[in-house]
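**Student:**
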Amino acid sequence: MAELARPQTIIKTVGLNKTYGDLRVLKSLDLEVPEHSIFGFLGPNGAGKTTTMKILLGLSTPTAGRAEIFGRDVQQDGLVIRSRLGYLPQHPTFPAYMTAREVLAFTGRFFFQNDGRALPSRIEEMLELVGLEDKADRKVAGFSGGERQRLGIAQAQIHHPELLILDEPAAALDPLGRHDVLSIMEKLRTRATIFYSTHILDDVQQVSDTVAILDRGELVAQGPIGQLLAGDGELVFRLKVQGPWQKLENKLSGQPWIAGVEISEGPESARLDVYVASQQDPGNRLLREALSIPDLVVLEFRKKEIELEEAFIEIIKGGQDG
Amino acid sequence: MAEKAELGIREFHGRWQGFQNLLQAELNRWFGTRRWIWQSLLWILLIDGMIGVIGIASRIFEELDPAAADVHQVFGLIAAFGSIGTVILLQTVIIREKENGVASWILSKPVSRGAYVLAKLFGNAAGVLVSVVLIPGLVCYPLLSWLFVGSWLPFGHYLLALGVLALEILFYVSLTILLGTVFDKPAPVMALPLVLIFGQQPLIGLVPKLIHVLPYTLSTVTAGAVLQGEAVPFPVPLLATAGMIGLFTLLAVFRFDREEF
Chain B
11 MAELARPQTI
21 IKTVGLNKTY
31 GDLRVLKSLD
41 LEVPEHSIFG
51 FLGPNGAGKT
61 TTMKILLGLS
71 TPTAGRAEIF
81 GRDVQQDGLV
91 IRSRLGYLPQ
101 HPTFPAYMTA
111 REVLAFTGRF
121 FFQNDGRALP
131 SRIEEMLELV
141 GLEDKADRKV
151 AGFSGGERQR
161 LGIAQAQIHH
171 PELLILDEPA
181 AALDPLGRHD
191 VLSIMEKLRT
201 RATIFYSTHI
211 LDDVQQVSDT
221 VAILDRGELV
231 AQGPIGQLLA
241 GDGELVFRLK
251 VQGPWQKLEN
261 KLSGQPWIAG
271 VEISEGPESA
281 RLDVYVASQQ
291 DPGNRLLREA
301 LSIPDLVVLE
311 FRKKEIELEE
321 AFIEIIKGGQ
331 DG
Chain R
784 MAEKAELGIR
794 EFHGRWQGFQ
804 NLLQAELNRW
814 FGTRRWIWQS
824 LLWILLIDGM
834 IGVIGIASRI
844 FEELDPAAAD
854 VHQVFGLIAA
864 FGSIGTVILL
874 QTVIIREKEN
884 GVASWILSKP
894 VSRGAYVLAK
904 LFGNAAGVLV
914 SVVLIPGLVC
924 YPLLSWLFVG
934 SWLPFGHYLL
944 ALGVLALEIL
954 FYVSLTILLG
964 TVFDKPAPVM
974 ALPLVLIFGQ
984 QPLIGLVPKL
994 IHVLPYTLST
1004 VTAGAVLQGE
1014 AVPFPVPLLA
1024 TAGMIGLFTL
1034 LAVFRFDREE
1044 F
């Protein structure tokens, strides 16, 4: 049997530490970002996400440990590494006296020699990608936060890098802008690895395939998003019912295949989260039990999916309690 | 594919990677806009206006003997104004970009930190030398000749004297850039060179040997001597100033290399 090719690791950190005075911002961070992944780097504010990115970009020096991108050390080979990646800062700021087109030309000239002929068409391509064609010749000093963010994505992409490092790419955007940014990220997935930090968990669930969660400088979880959402494999069903829900609760409590029932009572209905211990067709059994109770109306019945937000809170809380 | 070949990936120049592009941007900021024109007009008004007023007043009220006119002192005045102007103009050059994130954005590209500092130094030096020294200096030529000397000064000597003045201004350009890499607020970047500008004369009074090191004598003694075609009395300040410009530049690159963003 042919062995499947393993994805290459694009970013790797080993025992990365960063200390400012007495404050340990990063605590022995071991991170691995696979090639062509959209890697969500999550964590509450102050977790150390931006510091990690700055170390990867050579803007900050680690106190201990090392970081590699494309298999090269970020401290030793920073220039070569940065020629192959694009970066969007959390609050993108560009020289205020430049127009959007000038910002892109200025950025392009760091990567390309023959800027006289082909660069203008690349600039047009980027302006179109982020929807700034009509604002191309306006000074960036007058740009809104969202427009600056779009320009930030365009400049990060100007040389079609193999790796994009995006620091909170959608944080400053309205829902429509966020949707656009996520669409752009999806489009870029085929040709680049995207390593981005965020605290907007909906976005992560929408586009990421791999995530890492950082809390107070420590990596508390890392892996494919599906694995993270699967949790410990517990099966939970959610029922929304009207009528004598206590009867259902009593009936279920005595069953050996039920691990527990959580109830939240509303004014007109009740919501029951039923934790199932046995895996043998529990959905059908549970529904039959509910329908067998006279006067009980089942309004909703579904297998409960774990949301990233729940998993995130559980992991962060677990870390803090432990 | 053809587009990629046409664009051509830049070759790496190691320590100076990105310098050309950054310098071009700095020069554009001065000469691609009207900035240099406005700055030149401002310094013509301030420097040449003041010299014109002093010259006319001297002629009217003191019936100045042209032969006795102290061109040395006039050059000292031009240098003082030019130096102050330089410090004011350049106090935020690096600090502003460190603060607003433009510096870290630029350094996230394949750009060496040395290239960033040198582009700031050369680009702004060019802007300042043209707007604060060359153009006001050329406008000053007829004023100085006719209001203070009474005849045309030898133009070649005058240009050489402006060159000496430019060296003094470059001293303040490099010092301001260095301080911009050290501090995060503009106050000390402006205050320290201003203390030096105003404190040199009393300092030399206290420690006379400093006359060989500080740039003060460049405008007050050396430029005047060059202007009159005399042998330069103290060549050491010329060399010392050039050496300090080099030292400040190296220190600025060294310091900026260690900056944490």
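So the sequences go chain by chain: B and R. Numbering-wise, the first sequence is residues 11 to 332 according to my numbering. Numbering-wise, the second sequence is residues 784 to 1044 according to my numbering. Built from N, CA and C at the ideal position, the CB exists for glycine as well.
#1: List the residues that DSSP assigns as beta-bridge partners of B/N27.
#2: So, helix, strand or coil for B/Q290, using DSSP?
#3: For chain B, check one thing: does any of its Cβ atoms lie closer than 8 Å to the Cβ of R/A902?
#4: For B/V308, tell me which candidate among B/K314, B/L296, B/L318 has the shortest Cα-Cα distance.
#5: Let me know the secondary structure DSSP gives B/D83 once reduced to three states.
#6: Name the chain R residues that come within less than 7 Å of B/K64, Cβ to Cβ?
#7: Flag B/S70 as yes if its beta-carbon sits less than 8 Å from any beta-carbon of chain R, otherwise no.
#8: My parser needs the beta strand (DSSP E) runs of 3 or more residues fully inside the segment 139–214 of chain B; what are they?
#9: Please go through the same chain and pick out, in chain order, the residues whose beta-carbon is closer than 6 Å to the beta-carbon of R/P849, but skip the five residues on each side of it.
#10: Using only the alpha-carbon positions, how far apart do B/K57 and R/G963 sit?
#11: I'd like the ranges of any alpha helix (DSSP H) spanning at least 4 consecutive residues and lying wholly in the segment 965–1005 of chain R.
#12: Counting C-beta neighbours from all protein chains within 10 Å, is the total for B/F116 16 or more, i.e. buried, or is it exposed?
#13: Is R/P1018 buried or exposed, if buried means 16 or more other CB atoms sit within 10 Å of its CB?
#14: Hey, B/V286 and B/I268 are a contact pair by Cβ (cut 8 Å); roughly how many whole angstroms apart?
#15: Check each candidate in R/S1002, R/L958, R/H940, R/I952 and name the one with the smallest Cα separation from R/G1012.
#16: Check whether the Cβ of R/L873 lies closer than 8 Å to any Cβ atom in chain B.
#17: Check whether the segment 1017–1031 of chain R touches the segment 964–979 of chain R, counting contact only when three or more Cβ pairs, one atom from each stretch, lie closer than 8 Å.
#18: Rounded C-beta distance between B/A300 and B/L245? I'm assuming under 8 Å.
#19: Output yes or no for whether 8 Å exceeds the beta carbon distance between B/G187 and B/G156.
#20: Quick check: the Cα distance between B/P254 and B/L306, rounded to an integer number of angstroms?
#21: Is it buried or exposed for R/E951, if we count other Cβ within 10 angstroms and need 16 for buried?
#22: Using beta-carbon positions only, say whether R/Y899 and R/F1039 come within less than 8 Å of one another.
#23: Please compile the residues from chain B whose C-beta is within a distance smaller than 8 Å of the C-beta of R/N804.
#24: Are there three or more Cβ pairs, one per stretch, closer than 8 Å when the segment 91–106 of chain B is compared with the segment 55–73 of chain B?
#25: Can the beta-carbon of B/I303 be found closer than 8 Å to that of B/L258?
#26: Is the Cβ of R/P849 closer than 8 Å to any Cβ of chain B?
#27: May I ask you to list the residues that DSSP assigns as paired with B/R281?
#28: Taking all protein chains shown into account, decide if B/D147 is buried (16 or more other Cβ within 10 angstroms of its Cβ) or exposed.
#29: Once you ignore the five residues that flank R/I994 on each side, which residues in its own chain have a CB closer than 8 Å to its CB?
#30: In whole angstroms, what separates the C-alpha of R/G884 from that of B/L67?
#31: Does the distance from the C-beta atom of R/V915 to that of R/G865 stay below 8 Å?
#32: Under 8 Å, CB to CB, which of the residues in the segment 89–116 of chain B have a partner in chain R?
#33: According to DSSP, simplified to helix, strand and coil, what is R/D831?
#34: Compare the Cα-Cα distances from B/Q290 to each of B/F122, B/P266, B/F80, B/R281 and report the closest residue.
#35: Determine the direct distance from the alpha carbon of B/P171 to that of B/A206, and round the result to whole angstroms.
#36: Between the beta-carbon of B/K145 and the beta-carbon of B/A110, is there less than 8 Å?
**Tutor:** The short version:
#1: B/A74
#2: If DSSP states are grouped into helix, strand and coil, B/Q290 belongs with coil.
#3: no
#4: B/L296
#5: Three-state result, B/D83: strand.
#6: F1044
#7: Judged by the 8 Å Cβ criterion, B/S70 is in contact with chain R.
#8: 173–177, 203–208
#9: Unreliable positioning characterises R/P849 in this predicted model, as indicated by a pLDDT of 49, which lies under 50. A coordinate reading is not provided.
#10: Before going on, a small fix: residue 57 of chain B reads as Ala here, not Lys. Roughly 30 Å between the two C-alpha positions.
#11: 969–989
#12: With 16 or more Cβ atoms within 10 Å of its Cβ, B/F116 is classed as buried.
#13: Within 10 angstroms of the beta-carbon of R/P1018 lie fewer than 16 other beta-carbons, which makes it exposed.
#14: 6 Å
#15: R/H940
#16: Output row for R/L873: interface = no.
#17: no
#18: Contact flag wrong, Cβ pair sits at about 16 Å.
#19: yes
#20: 6 Å
#21: R/E951 is buried by the Cβ-count criterion.
#22: yes
#23: F116, R119, F120
#24: Touching, yes, given that three or more Cβ pairs across the two stretches are closer than 8 Å.
#25: yes
#26: Bear in mind that a pLDDT of 49 at R/P849, under 50, signals an unreliable position, so the number given afterwards is only what the model happens to contain. False, the Cβ-Cβ gap to chain B never drops below 8 Å.
#27: B/K250, B/S274
#28: exposed
#29: I987, T1000, F1017, P1020
#30: 14 Å
#31: yes
#32: Residues are counted here when their Cβ sits less than 8 Å from a Cβ of chain R; for the segment 89–116 of chain B these are L89, V90, R92, S93, Y97, P99, H101, P102, T103, F104, P105, Y107, F116, given in chain order.
#33: helix
#34: B/P266
#35: The identity of residue 206 of chain B in the sequence shown is Tyr, whereas the question assumes Ala. C-alpha separation (whole angstroms): 14 Å.
#36: yes
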